[in-house]
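Residue numbers (the working numbering), protein chains in the order written: chain A, 1 to 132; chain B, 133 to 284.
Yeah, the Cβ is synthetic: ideal placement off N, Cα and C, and Gly gets one too.
Before any comments, here is the structure.
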């Protein structure tokens, strides 16, 4: 590809240097932001082939470039805009997670509600790890 | 825009090129399927950036590559992929129509036990529809099933 730079180290004039290993290994390899209510749909993403709506607050994110194994790290979050109080509430629990190298299952739940799953207006998933 | 010659380029680099150069395509197609009698119907939704890659051509690997990787991962002694190079070195797929892209995505992301036998049995296990045909409210979402009317 054009514009290729091969470098092992990036050095700032005053702030020090960092090896490009940090950049390669530390960058998210997949992410998605999607509407988890109504008819779900991705707003924006990277390395995501599709989503699966498994049920209430229960989704899969599928990857285009699989990870090298099922041991990649993931972070998920979300929020919903409560119609009654018009408050934006965070959804911080994820109660159902399974993963293979090509997909991760995301279960969203509002803390302390006892609800089994909750559809978020915004659901996000960020994935770090080694790609296949 | 012409796709660069990507064979041998890491798939992730191709996806980054696509994200920078292609506009996402929101498909109206949805794939509804059932793969367990104990679970409600599931709905596969294509990603807009992925759909843009499929329509553009020259970016995505053939779907059989994913099947080969899935076979490897199903082995009991699987630790990590050793044939990931198939994603990067196999000649990419040419441009697809939206309908062909949905077929590809079904074969990639729907369990094979569903799409290989979708019309066997008393009722279909999978239906391709437009999003307008789905319920607009998620009331009783965990009880959704494919309509028996489609079995006729």
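- When the Cα atoms are used, residue 135 (chain B) and residue 53 (chain A) turn out to be separated by approximately 32 Å.
- When C-beta atoms of the segment 159 to 168 of chain B are compared with those of the segment 243 to 259 of chain B, three or more pairs fall below 8 Å, so the two segments count as touching.
- Counted as a single uninterrupted DSSP element, the stretch harbouring residue 41 (chain A) is not any alpha helix (DSSP H) but the beta strand (DSSP E) occupying residues 41 to 46.
- For residue 98 (chain A), the closest of A:122, A:72, A:77 and A:10 by C-alpha to C-alpha distance is A:72.
- With its beta carbon at least 9 Å from every one in chain B, residue 110 (chain A) lies outside the interface.
- At the C-beta level, residue 177 (chain B) and residue 40 (chain A) come within 9 Å of one another.
- Among the residues facing chain A, residue 205 (chain B) is included, as its CB has a counterpart in that chain under 9 Å away.
- Taking CB atoms only, residue 8 (chain A) has no neighbour in chain B less than 9 Å away.
- Cα atoms of residue 69 (chain A) and residue 28 (chain A): separation of roughly 15 Å, rounded to the nearest angstrom.
- For residue 182 (chain B), at least one C-beta of chain A is nearer than 9 Å to its own C-beta.
- As computed with DSSP, residue 262 (chain B) is found in a beta bridge with B:161.
- Among the CB atoms of chain B, none fall inside 9 Å of the CB of residue 98 (chain A).
- One thing to note: residue 44 (chain A) has its Cβ no nearer than 9 Å to the Cβ of residue 123 (chain A).
- The alpha-carbon of residue 9 (chain A) is positioned some 13 Å away from that of residue 15 (chain A).
- Taking a C-beta cut-off of 8 Å against chain B, the contacting residues of the segment 37 to 57 of chain A are 37, 38, 39, 40, 41, 42, 44, 45, 46, 47, 48, 49, 50, 51, 52, 53, 54, 55 and 56, listed in chain order.
- Look at residue 23 (chain A) here: in three-state DSSP terms it is helix.
- Any Cβ of chain B closer than 9 Å to the Cβ of residue 25 (chain A) would place that residue at the interface, and such an atom is absent.
- In this structure, the straight-line span from the alpha carbon of residue 184 (chain B) to that of residue 193 (chain B) is close to 14 Å.
- Between residue 228 (chain B) and residue 186 (chain B), the CB-CB gap stays under 9 Å.
- Close partners of residue 17 (chain A) in chain B (Cβ separation under 9 Å) are lacking, with about 24 Å as the shortest Cβ gap.
- Beta-carbon to beta-carbon, residue 25 (chain A) and residue 47 (chain A) are separated by about 16 Å, too far to satisfy the 8 Å threshold.
- Here the alpha carbon of residue 105 (chain A) sits roughly 6 Å from the alpha carbon of residue 61 (chain A).
- According to the DSSP assignment, residue 31 (chain A) belongs to the beta strand (DSSP E) that extends over 30 to 35.
- Per DSSP, residue 181 (chain B) is one residue of the alpha helix (DSSP H) stretching across 180 to 188.
- According to the DSSP assignment, residue 234 (chain B) belongs to no beta strand (DSSP E) but to the alpha helix (DSSP H) extending over 230 to 241.
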